[in-house]
Amino acid sequence: MMCKSTDKYVIGVDGGGTSTVALVARLRNLLPPEIVGRGRGGPANLRAAGETAALANVGDAIESALRDSERTGHTVQHTDVAAICLGLAGTDRPDEKELWKTWTGQRLPVASIEVVNDAIPVLSAASADGHGIAVISGTGSFAIGRQSDGITIRCGGWGYLAGDEGSGYAIAVAGLRAAVRAVDGRGERTQLTEMFLQHFQIAEPSELIRCIYSPSLDRPAVASLSGVVARACEQGDAVAAAIIDQAAADLAEMVLTVARRLPHGQQISVGLAGGILTGSTGVRERLVHRLQESDEADFRAVLVAEPAEGSVVRASRLV
């Protein structure tokens, strides 16, 4: 079934340091947009993935979502899309946004294109007015706040060399360091050593060097090793638990830093997004507990498992 001539469709994109999700949605009067197509692609961060790869990955996700609309009986074509919102990691500067707008306009004949940092759709998904704080922890990490006047306040997001505290990358590196310190006898004994050996399917700790410095182990792949730390924490390993606790503390510090610069006197919605906060890493529970114990503000934590839905909300407002 082809889409009706009266139907209006929008696309919402969430592009992070690990993967990209695109959603095609049909607009409905007085009802939330209906998701009719989903697509996935690789990393969308221009600096981390490179311009060529990032553009191709987002393009793959969009095309996949349009093709998937056939499954739901809509068969949405490029010309059926009225607006698109792209929430993309590492996209803050005007020249970066213009690059994405130009590229999108060449692919889709849409009337309205919005390009925002990937935290903004999280805010749109977490609160009705799109105000509050969003904290994202995936391959990287950062927090951003948005006031009612549209002013945004940012904390973190300095990349894996200078920042990204509380991220999957930071957790993984802390876990690897703890494991090799234990091997040397400099650190506390931990299950992490054996668990990393099992993960890489090696017998001797000395072989870790070959594995972790392999050209194929890029930043997203390193960040995925945070899952080893999470499992060790769940099994009661004290060293892993301390790493997870520190990650939660680092993320809470970002949220509280942003909160101090927002107007007080009302509840603040905090959207939690990214694989570290939406997965079963233990970080989310510890972060929420720290926010609940804080005297800084009355925080309402909202898990945003699908930030692309926030991009759909923003795209629908452009029509």
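Just so you know, my numbering puts 278 at position 228 of the sequence shown, and the rest follows in order with no gaps. Built from N, CA and C at the ideal position, the CB exists for glycine as well.
Item to complete: Please check the pair Pro357 and Pro83, which I expect to be a contact at CB under 8 Å, by giving their CB distance rounded to whole angstroms.
Response: With 8 Å as the limit, Pro357 and Pro83 do not qualify as a contact, their Cβ atoms being about 15 Å apart.
Discussion item. Does Gln241 pass the burial test, meaning 16 or more other C-beta atoms within 10 Å, or should it be called exposed?
Written reply: Counting Cβ neighbours within 10 Å, Gln241 comes out buried, since at least 16 surround it.
Discussion item. Am I right that Val71 and Ala111 are in contact with their C-beta atoms under 8 Å? What's the rounded C-beta distance?
Written reply: 6 Å between Cβ atoms; contact.
Item to complete: Apply the 10 Å Cβ neighbour rule to Arg97 and answer buried if 16 or more other Cβ atoms are within range, or exposed otherwise.
Response: So Arg97 counts as exposed.
Worksheet item: Under the three-state reduction of DSSP, which class applies to Ser177: helix, strand or coil?
Response: In the three-state reduction of the DSSP assignment, Ser177 falls in the coil class, being assigned neither a helical nor a strand state.
Practice prompt. Compare the beta carbon distance of Ala323 and Ala169 with 9 Å and say whether it is the shorter of the two.
Written response: Between Ala323 and Ala169, the C-beta spacing is below 9 Å.
Worksheet item: What did DSSP end up calling Gly91 once you bin it into helix, strand or coil?
Response: If DSSP states are grouped into helix, strand and coil, Gly91 belongs with the strands.
Worksheet item: Taking Cβ positions, are Ala175 and Val352 nearer each other than 9 Å?
Response: Less than 9 Å divides the Cβ of Ala175 from the Cβ of Val352.
Worksheet item: Where do the N-terminal and C-terminal ends of the alpha helix (DSSP H) with Asn107 fall, by residue?
Response: Residue range Glu101 to Asp118 is occupied by the alpha helix (DSSP H) that includes Asn107.
Worksheet item: For Arg231, which residues from the same chain have a beta carbon less than 7 Å from its beta carbon, with the 5 sequence-adjacent residues on both sides left out?
Response: So the list reads Gly237, once near-sequence residues are dropped.
Practice prompt. Excluding the 5 residues preceding and the 5 following Val47 in the sequence, name in chain order all residues of the same chain whose CB lies nearer than 7 Å to its CB.
Written response: Residue 47 is absent from the structure shown; the chain starts at 51 and stops at 369.
Fill in: Option in Ile183, Gly66 and Phe349 with minimal Cα separation from Arg269
Distances from the CA of Arg269 to each of Ile183, Gly66 and Phe349 were compared; the closest alpha carbon is that of Gly66.
Worksheet item: According to the Cβ coordinates, are Met304 and Gly206 closer than 9 Å?
Response: Yes, these two residues count as a Cβ contact at 9 Å.
Fill in: With 16 other Cβ atoms within 10 Å as the buried cut-off, status of Ala376
There is simply no residue 376 to check, as the chain begins at 51 and stops at 369 in what is shown.
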